[in-house]
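Q:
Residue numbers (my numbering): 1 to 45.
#1: Measuring only the C-alpha atoms, how far is residue 12 from residue 20?
#2: State the DSSP-derived secondary structure class of residue 10, mapped to helix, strand or coil.
#3: Could you tell me whether the Cβ of residue 17 comes closer than 8 Å to any Cβ of chain C?
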């Protein structure tokens, strides 16, 4: 029930921003790990 209370009209915007931030961050990590690791030398890491 506490989780439903957090999804009130006041917190829906913050909840969506948090979800979009996690999706964008995970997508950036996926793109960096699949493309960046093959082009960037290990010394740079």
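The beta-carbon is built from N, C-alpha and C at its ideal position, and this holds for glycine as well. Here the structure is a predicted model, which means the values were calculated and not measured.
A: From the atom records:
#1: Going from the Cα of residue 12 to the Cα of residue 20 covers about 12 Å.
#2: Here residue 10 carries a coil assignment [DSSP, helix/strand/coil].
#3: Within the model displayed, chain C is absent; a lone protein chain is all it includes.
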